[in-house]
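Colleague: Just passing along the structure, written as structure tokens.
Residue numbers (full-length UniProt numbering): 1 to 424.
In structure tokens form, the structure reads like this:
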């Protein structure tokens, strides 16, 4: 099959990470895959090296001064639409609402559902669920939301995770230990949040919770990684900064981390905070489990579905604070008293215990090879359905052509070969 995967950015957002990993798994399975994206701000390549068997089509997209979010959404759609050539592919699979609006009759993965206020983005989001020929969701919880809100049935195909990469970063080889130590010497004992400072990530809730436990763990630091986004969250970030100043919290905002450095950053953390208000799967949390790092997660149905008892759940700021305190105390305890990653309570709503080995086993169970196999099965089913529906039309057209030919021949016979009428 010739497959096109479309995404809106070259930056390390979750949907882009998913797109590249899926593309690599598909080419490893023998498929031809091109990834199409917009090269924002002069970008000519993705945030990481990509398997050379994957074709990369980066469409230039320069920034414009004083362009609103809505205007940028419309221009993004039109730019990708003009550049893309769907006739070159058997399968066209969009990974976000922008690319799903740029192509017709695509397959579209709904990674998560969100609420927007920008009119152009609201319309983009709606069309990208209603118009595609088929939908994929990375969890049953999101598929349920799609069914309830739009009456559409989505195929559920879970994300994969590169668990070996994050396990290696937590290993005891000299290189792995040195890489973790560099982060720990720079940041101290740190609580890591991946995805930047934005509303959906629950950043202010995390800040409030961290302030409540600071006195018990004065050496701990709050660290945010990532945050590259198409959207304007400046108002939220100003509120975050103002609240941090009121609370006297010094935090570190790393921005986009070089991809090769990310596993060590995750593996070196005391814990990962994953308190998003909306998620589709939780790839960053799964990577932390692969690295043996404890995770506190917002108590959402989707995260219960994906993680089961492998993470600590918290429903509100108070719960997040209690879990932060417990996990930080565990990590700070002497090895003889509490070995790193020893079994621990899961927290309110959790019930039971968890160990690093169980978390790693869960992460290993989600592979990109399995995700690619499920996608190939879906693609084949859709193509077979297309072929079946096209067959009657082709037969009807062939029949119509045959009738027309017979009629023409009959007409020709009457005009040239019929006997002359008798004179008498």
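Yeah, the Cβ is synthetic: ideal placement off N, Cα and C, and Gly gets one too.
Can you tell me the Cβ-Cβ gap for residue 58 and residue 45, rounded? I've got them flagged as a contact below 8 Å.
Modeller: As a first step, residue 58 is located in the chain shown; it is residue number 58 there, counting from the start. As a first step, residue 45 is located in the chain shown; it is residue number 45 there, counting from the start. Residue 58 to residue 45, Cβ: 7 Å. Contact.
Colleague: Return the CA-CA distance between residue 356 and residue 165, expressed in angstroms with no decimal places.
Modeller: The sequence position of residue 356 within the chain shown is 356, counting from 1. The sequence position of residue 165 within the chain shown is 165, counting from 1. Between residue 356 and residue 165, the C-alpha separation is close to 16 Å.
Colleague: Which runs of the beta strand (DSSP E) at least 3 residues long sit entirely within the UniProt domain "Glycosyl transferase family 1" (190-311)? Give them in chain order.
Modeller: Taking only runs of at least 3 residues, the beta strand (DSSP E) segments lying wholly in the UniProt domain "Glycosyl transferase family 1" (190-311) are 220-225, 251-255, 271-274, 295-298.
Colleague: Three or more C-beta pairs closer than 8 Å, one from the stretch 112-129 and one from the stretch 55-75: is that the case here?
Modeller: As far as the Cβ criterion goes, the stretch 112-129 touches the stretch 55-75, which means the pair count is three or higher.
Colleague: Can residue 105 and residue 133 be called in contact, C-beta distance under 8 Å?
Modeller: Within the chain shown, numbered from 1, the residue matching residue 105 stands at position 105. Within the chain shown, numbered from 1, the residue matching residue 133 stands at position 133. Contact: yes.
Colleague: List the whole-angstrom C-beta distance separating residue 274 from residue 285, where the pair is believed to meet the contact cut-off of C-beta under 8 Å.
Modeller: The count along the chain shown starts at 1 and reaches residue 274 at position 274. The count along the chain shown starts at 1 and reaches residue 285 at position 285. Between residue 285 and residue 274 the Cβ distance is about 4 Å, and since that is below 8 Å, they are a contact.
Colleague: With 8 Å set as the bound, which would you pick, yes or no: does the beta-carbon of residue 147 sit closer than that to a beta-carbon of chain C?
Modeller: Of the protein chains in this structure there is only one, and it is not chain C.
Colleague: Quick one: using the 10 Å Cβ neighbour count with 16 as the cut-off for buried, is residue 160 buried or exposed?
Modeller: The residue given as residue 160 occupies position 160 in the chain shown. Residue 160 should be labelled buried.
Colleague: Quick one: what does DSSP say residue 52 is sitting in, helix, strand or coil?
Modeller: By 1-based counting over the chain shown, the position of residue 52 is 52. Residue 52 falls in the coil class under three-state DSSP.
Colleague: Classify residue 37 as buried or exposed, calling it buried when 16 or more other Cβ atoms lie within 10 Å of its own Cβ.
Modeller: Looking up residue 37 in the chain shown gives position 37. Buried: at least 16 other Cβ atoms inside 10 Å.
Colleague: Would you list the residues sitting across from residue 34 in a DSSP beta bridge?
Modeller: On the chain shown, position 34 is the one that residue 34 refers to. According to DSSP, residue 34 bridges with 4, 55.
Colleague: Excluding five sequence neighbours on each side, which residues of the same chain lie with their C-beta closer than 7 Å to the C-beta of residue 289?
Modeller: Locating residue 289 in the chain shown gives position 289, where the first residue counts as 1. Excluding sequence neighbours, residue 289 sits near 295, 310, 359, 360, 362, 363.
Colleague: If I measure Cβ to Cβ from residue 18 and keep anything under 8 Å in the same chain, skipping five residues before and after, which residues do I get?
Modeller: Your numbering for residue 18 matches position 18 in the chain shown. Counting only Cβ-Cβ distances below 8 Å, and skipping sequence neighbours, we find 95, 109, 111, 138, 159, 283.
Colleague: Measure the CB-CB distance between residue 256 and residue 228 and report whether it falls below 8 Å.
Modeller: Counting from 1 along the chain shown, the entry for residue 256 is found at position 256. Counting from 1 along the chain shown, the entry for residue 228 is found at position 228. Yes, the pair counts as a contact, with Cβ atoms nearer than the cut-off.
Colleague: Answer yes or no: do residue 249 and residue 207 have a C-beta to C-beta separation smaller than 8 Å?
Modeller: Locating residue 249 in the chain shown gives position 249, counting from the first residue. Locating residue 207 in the chain shown gives position 207, counting from the first residue. Cβ distance < 8 Å, so residue 249 and residue 207 count as in contact.
Colleague: Go to residue 13, then tell me how far its alpha helix (DSSP H) extends in each direction, as first and last residue.
Modeller: Within the chain shown, the letter at position 13 stands for residue 13. Residue 13 -> no alpha helix (DSSP H), and no H or E assigned at all.
Colleague: Under the DSSP definition of a beta bridge, which residues are partnered with residue 61?
Modeller: Position 61 of the chain shown, counting from 1, holds the residue named residue 61. Partner(s): 40.
Colleague: Give me, in chain order, the residues of the same chain whose beta-carbon lies closer than 6 Å to that of residue 14; leave out the 5 immediate sequence neighbours on both sides.
Modeller: If you number the chain shown from 1, residue 14 lands on position 14. Once the five neighbours on either side are set aside, the close Cβ partners of residue 14 are 283.
Colleague: Sorted by chain position, which residues of the same chain lie with C-beta nearer than 7 Å to residue 320's C-beta, five sequence neighbours on each side aside?
Modeller: For the purposes of this step, residue 320 is taken as the residue at position 320 of the chain shown. For residue 320, where only same-chain residues beyond five positions count, the Cβ hits under 7 Å are 205, 206, 209, 275, 296, 314.
Colleague: Which first and last residues belong to the alpha helix (DSSP H) in which residue 168 is found?
Modeller: On the chain shown, position 168 is the one that residue 168 refers to. Start and end: 163-169.
Colleague: Rank 223, 271, 370, 178 by C-alpha distance to the C-alpha of residue 327 and give the top, closest one.
Modeller: In the chain shown, the residue the question calls residue 327 occupies position 327. Here the closest residue by C-alpha is 271.
Colleague: What residue ranges within the stretch 93-148 form continuous alpha helix (DSSP H) runs of no fewer than 4 residues, ordered along the chain?
Modeller: With a minimum length of 4 residues, the continuous alpha helix (DSSP H) runs that stay inside the stretch 93-148 are 97-102, 119-130.
Colleague: Thinking C-beta only, is residue 305 closer than 8 Å to residue 154?
Modeller: Along the chain shown, one-based indexing puts residue 154 at 154. Along the chain shown, one-based indexing puts residue 305 at 305. No, they are not a contact pair.
Colleague: Quick check: the Cα distance between residue 323 and residue 54, rounded to an integer number of angstroms?
Modeller: Counted from its first residue, the chain shown places residue 323 at position 323. Counted from its first residue, the chain shown places residue 54 at position 54. So the alpha carbons of these two residues sit roughly 42 Å apart.
Colleague: My guess is that residue 25 and residue 369 are in contact by the Cβ rule of under 8 Å, so how many angstroms apart are they, rounded?
Modeller: Position 25 of the chain shown holds residue 25. Position 369 of the chain shown holds residue 369. Contact holds; Cβ gap of about 6 Å.
Colleague: Between 292, 278, 65, 329, which has its C-alpha nearest residue 116's C-alpha?
Modeller: For this step, residue 116 is matched to residue 116 along the chain shown. The option with the nearest alpha carbon to residue 116 is 278.
Colleague: Tell me residue 155's beta-bridge partners as DSSP assigns them.
Modeller: The count along the chain shown starts at 1 and reaches residue 155 at position 155. According to DSSP, residue 155 bridges with 136.
Colleague: Could you pull out every residue in the same chain whose Cβ sits closer than 7 Å to the Cβ of residue 225, ignoring the five residues on either side in sequence?
Modeller: Within the chain shown, the letter at position 225 stands for residue 225. Correct list, in chain order: 192, 194, 254, 257, 265.
Colleague: Which one or two residues does DSSP pair with residue 313 in a beta bridge?
Modeller: Position 313 of the chain shown, counted from the first residue, corresponds to residue 313. BP columns for residue 313 point to 297.
Colleague: Can you round the beta-carbon distance between residue 60 and residue 39 to whole angstroms, since I take them to be within the 8 Å contact cut?
Modeller: For the purposes of this step, residue 60 is taken as the residue at position 60 of the chain shown. For the purposes of this step, residue 39 is taken as the residue at position 39 of the chain shown. The Cβ separation is near 5 Å, so the contact holds.
Colleague: Output needed for residue 217: all residues of its chain with C-beta closer than 6 Å, excluding positions within five of it in sequence on either side, in chain order.
Modeller: Position 217 of the chain shown holds residue 217. So the list reads 328, once near-sequence residues are dropped.
Colleague: If you follow the alpha helix (DSSP H) that residue 66 is part of, which residue opens it and which one closes it?
Modeller: Here residue 66 is taken as the residue at index 66 of the chain shown, counted from 1. Note, residue 66: premise wrong, no alpha helix (DSSP H); not H, not E.
Colleague: Would you tell me roughly how many angstroms separate the C-alpha atoms of residue 367 and residue 292, rounded to the nearest one?
Modeller: Here residue 367 refers to the residue found at position 367 when the chain shown is read from its first residue. Here residue 292 refers to the residue found at position 292 when the chain shown is read from its first residue. Whole-angstrom Cα-Cα distance: 17 Å.
Colleague: State the beta-bridge partners of residue 91 as determined by DSSP.
Modeller: One-based indexing of the chain shown puts residue 91 at position 91. DSSP output for residue 91 lists 3 as bridge partner(s).
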